[in-house]
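The numbering used here numbers the first residue of the sequence shown as 94 and each following residue consecutively.
One structure below.
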Amino acid sequence: MRTLFFLLLAIGSITAKAQDVSGTAKNAEGAGLAGATISIIKAKDSSVIKFGVSKENGSYIFTTVPAGEYRISTSHVGYAPIITPAFTVGSTNVTAPDVQLSKTSGGNLQGVVVTATKPMVEVKADKMIVNVEGTINAVGSDALELLRKSPGVQVDKDDNLSLSGKNGVQVYIDGRPTPLGGQDLANYLRSLQSANIESIELITNPSAKYEAAGNAGIINIRLKKNKSLGTNGSVNAGYNIGTFPKYNGGFSLNNRNKNTNIFGNYNYNDAKNITDLSIIRTVADSLFESKGNMTMTNRSHNFKVGADYFINKLSTVGVVVNGSLSDGTISNYSRTPISYQPSKRVDRILIADNKSGFTRDNVNLNANYSYTNSNGKSLTLNADYGDYDNYTDQLQPNTYFDARGENMTSKVVYQFIAPSKIKITSGKADWEQNFAKGKLGFGGKTAFIKSDNDFQRYNVFTTGKELDKDRSNQFLYKENINALYVNYNRQYKGINLQAGLRMEHTNTDGTSTGLKRSNGNYTPYDSTFTRSYTDFFPSAAITFNKNPLSQWNFTYSMRIDRPVYQDLNPFEFKLDEYTFQKGNINLRPQYTNSFGLTHTYKYRLNTKINYSHVKDMFVQWIDTAEGSKSFITKRNLATQDIVSLNISYPFQYKSYSMFANMNTNVSHYTANFEDRKVDLKAFGFSFFTQNSLKFAKTFTAELTAFYNAPTLFQGSFRSKTLWSVDAGLQKQIMKGNATIKASVSDVFNTLRFTGTTDFAGQKSTFIADWESRQFKLAFSFRFGNNAVKAARQRNNSSEEETKRAAQSGGGIGINQ
């Protein structure tokens, strides 16, 4: 740690001679032009150093500009852009050449094409932004694969997400939390195609305005928006081939005039994927060596439609309907020789050929109002209703053969039918105004959640099926969260202060019903629990920006992760002949205190140290029961401490650009419960780089790579190295309105998850290998007017609670 501290001091001590650059933007008549976009760029390669907007009299000023050769680039709507001759910044302040803009022909922008390319990754004080739109290697990918390759993000064998070595990530779409979790969330992210994604925001220390849930922070996926007045839109189509072909396509439309904006988009995905899975388990005196493959088909329809009405220049009202309708099948074949461990001889062989069908239908309604005036006052109101219906129907035959695998000795067949319904109603209000030379914001939210999970297990015979009353269960769950927050931000000379406090009061009520057998008779099984608690979540940030070339930022936040609904269900669910799981009504929320220190040098080199302490951390725990059977549940692990270091740097030279990100962390898990002690330490390291080269005017080549070193997941799974390289090529056609992209993902076919766990007398090894190497081809075409604002960004009022919603629904965890 001392080495890292002195490294930061060394970085911070680097200074450069810098001066002020001022000037004036004028219109065709020579009067000052207000609102012009001013950029100071390097004369050598035209890279942007700073940008701003001219004042009412047309003047502008850039402070602390390093010595060198520069030009001023100026643009304004209705005027032709202009770039000044080169000038030198030395040891004194400089007045740049005045710029005088001429109106375009007819006073409009016809014939003027302005092109700009966002950096692949932007690093800011509170978040990192991965700009997906336009990157070649994002072609044909889905959101889950994009997250797998994002800096600091890790995806384990069960598609659980972690950020900078921490679990408990909140996933948002357009500033709104996804209604899904667990495998349902993974399926949804697979259905969300890269053609619809503009950027991914990795927010590690959210302010008090955000929901307090998510100890690792927030991953916000922003979808593309139309940006033109009049009518415009786009169409896209894609084809991927690995083992099986996959298809995707969609369109978007936008119509905007002075009073209204009507927008909508639709995307369809049809995919078939195969995964090879090996599980080797040693339990007591038995060895299970399972090898199999899982084939999954998924057809999904994602849509959004909405309208904004501009009441006047200050007020806007809008409605949005969005959703995801998907269905698919999962076929899982496995062969498991079962050996008597002392003799190493196979005793019997289990063949499982499971088949599942599922539907996931989610529809969300949002009504919103916003008010903003010139005095800095703004009000935003949101009312939301979400309806999530999940359904799973799984047939699970288990056939036992003798040691040679020739003669069947026994067979048991189960069927699982698991419908799940979740309804969320919520309201949210946010107010912001100027106060005491700063900005004061406050607001509140209330949300009501109702979850109904009906788990039905049947024993299947040749003559029909019979409900297994011992293992069937219905879980009803209600939750109410009420929150208030206040946040204040003020800029002093060289220092920016931000502080906030959020209060959340939570009421929960759960009922698990079913039948249990006693003395040969069935009696109602009823386990009801209630819980009520109030928490306060402070947050703060201090930015030292007196010298813009060497800025420091300190952040602190406290956050919470509540248990997902199904993890509280005390009923026992049998997953296969040797594995079952059970919820835990005593599962408590986990709390995280996080501290971060970031240094930004010359707007490019970012170095961040973060420390987090997690109390009552809950993880999936594998225990033993009835000798050789596996028992899966969630427990509160006592503490987790994580120290992480992140360094990122963007580089650009002429037509070549590169971004590199390195993240390393040390985790320490400690617990002392019952008769077992846990003391685990883990080191994590990841590296990400993206390289882009433009050539021959219309071509762009791209190379992306990432590497994850061995680390520890969920407090018990140790994973091996994970790395991959992608390569792609893009060409613009049809005067830049259309693009063809081709790429190959995982060029060297190295993406393979291997993890091991050793606890409570059970040793397990998991190896998952999927269709990671694919050839991808995509075509996109834009039409209509391309010079206007996008549809308004809006955050709905269904925040943290929707993250946990569908984790309750219908998923059968382990198939064998």
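Note that the Cβ used here is the ideal one computed from N, Cα and C, for glycine as well.
These numbers come from a predicted model, not from an experiment.
What residues in its chain sit with their C-beta under 7 Å from that of residue i, if we drop five residues either side in the sequence?
{"i": "Arg315", "result": "Asp267, Glu291, Ser292, Glu294"}
{"i": "Phe841", "result": "Val818"}
{"i": "Leu805", "result": "Ser760, Leu773, Ala775, Arg811"}
{"i": "Gly877", "result": "Ser321, Gly323, Thr324, Asn325, Gly326"}
{"i": "Asn552", "result": "Tyr507, Lys558, Glu559, Asp561"}
{"i": "Lys530", "result": "Arg583"}
{"i": "Ser503", "result": "Tyr493"}
{"i": "Ala136", "result": "Glu162, Tyr163, Arg164, Ala179"}
{"i": "Leu102", "result": "For Leu102, the predicted structure reports a pLDDT of 37, less than 50, and the residue's modelled location is therefore unreliable. The matter cannot be settled from this model."}
Return the chain-ordered list of same chain residues with a C-beta closer than 6 Å to the C-beta of residue i, the five sequence neighbours on each side being excluded.
{"i": "Lys514", "result": "Asp482, Asp545"}
{"i": "Ala118", "result": "Leu126, Ala129, Ser147, Gly151, Thr167, Val192"}
{"i": "Asn589", "result": "Thr636"}
{"i": "Ile355", "result": "Asn348, Ala400"}
{"i": "Thr621", "result": "Thr604"}
{"i": "Gly498", "result": "Ile442"}
{"i": "Thr422", "result": "Thr390, Gly450"}
{"i": "Ser779", "result": "Asn756, Asn801"}
{"i": "Ser132", "result": "Val141, Phe144, Ser166"}
{"i": "Gly593", "result": "Ser300, Ala301, Asn580, Ser632"}
{"i": "Asn366", "result": "Met389, Glu864"}
For residue i, collect the residues of the same chain with a Cβ closer than 8 Å to its Cβ; drop the 5 residues on either side in sequence, then sort them by chain order.
{"i": "Gln112", "result": "Thr157, Val158, Ala160, Val182, Gly183, Ser184, Thr185, Asn186, Val187"}
{"i": "Tyr615", "result": "Lys562, Leu608, Lys609"}
Going by DSSP in three states, residue i sits in which element: helix, strand or coil?
{"i": "Arg241", "result": "helix"}
{"i": "Ala236", "result": "helix"}
{"i": "Lys828", "result": "helix"}
{"i": "Tyr464", "result": "strand"}
{"i": "Ala279", "result": "helix"}
{"i": "Asp486", "result": "strand"}
{"i": "Asp660", "result": "helix"}
{"i": "Pro435", "result": "coil"}
{"i": "Asp446", "result": "strand"}
{"i": "Gly536", "result": "strand"}
{"i": "Ala794", "result": "strand"}
{"i": "Arg497", "result": "coil"}
{"i": "Glu294", "result": "strand"}
{"i": "Leu102", "result": "For Leu102, the pLDDT reaches just 37, beneath the cut-off of 50, and the residue's location in the model is therefore unreliable, although a value from the coordinates is still provided. Of the three classes helix, strand and coil, the one that applies to Leu102 here is helix, per DSSP."}
{"i": "Phe859", "result": "strand"}
{"i": "Gly469", "result": "coil"}
{"i": "Asp378", "result": "coil"}
{"i": "Tyr578", "result": "strand"}
{"i": "Gly689", "result": "strand"}
{"i": "Glu559", "result": "strand"}
{"i": "Asp454", "result": "strand"}
{"i": "Tyr426", "result": "strand"}
Around the Cβ of residue i, are there at least 16 other Cβ atoms within 10 angstroms (buried) or fewer (exposed)?
{"i": "Ser838", "result": "buried"}
{"i": "Gly323", "result": "exposed"}
{"i": "Arg564", "result": "buried"}
{"i": "Tyr153", "result": "buried"}
{"i": "Asn447", "result": "buried"}
{"i": "Met221", "result": "buried"}
{"i": "Tyr265", "result": "buried"}
{"i": "Met501", "result": "exposed"}
{"i": "Phe799", "result": "buried"}
{"i": "Lys639", "result": "exposed"}
{"i": "Asp378", "result": "exposed"}
{"i": "Ile296", "result": "buried"}
{"i": "Gly145", "result": "exposed"}
{"i": "Arg610", "result": "exposed"}
{"i": "Asn801", "result": "buried"}
{"i": "Gly385", "result": "buried"}
{"i": "Met827", "result": "exposed"}
Comparing the CB of residue i with every heavy atom of the ligand NAP, is any distance shorter than 7 Å?
{"i": "Ser812", "result": "What this structure holds is no ligand at all, so the ligand NAP is not there to describe."}
Does the contact criterion of 3 or more C-beta pairs under 8 Å hold for the segment 431-438 versus the segment 455-465?
no
Does the segment 392-407 come close enough to the segment 439-446 that 3 or more CB-CB pairs lie under 8 Å?
no
Inter-stretch contact at 8 Å, needing at least 3 Cβ pairs: the segment 499-507 / the segment 520-537:
no
Minimum length 3: unbroken beta strand (DSSP E) runs contained in the segment 113-174
130-135, 141-146, 152-159, 161-168
Minimum length 3: unbroken beta strand (DSSP E) runs contained in the segment 605-664:
614-637, 643-654
The segment 326-336 contacting the segment 699-709, beta-carbon criterion three pairs below 8 Å:
no
Jot down the residue ranges of each uninterrupted beta strand (DSSP E) in the segment 299-379, minimum 3 residues, whole runs only, in chain order.
310-316, 323-334, 338-349, 353-376
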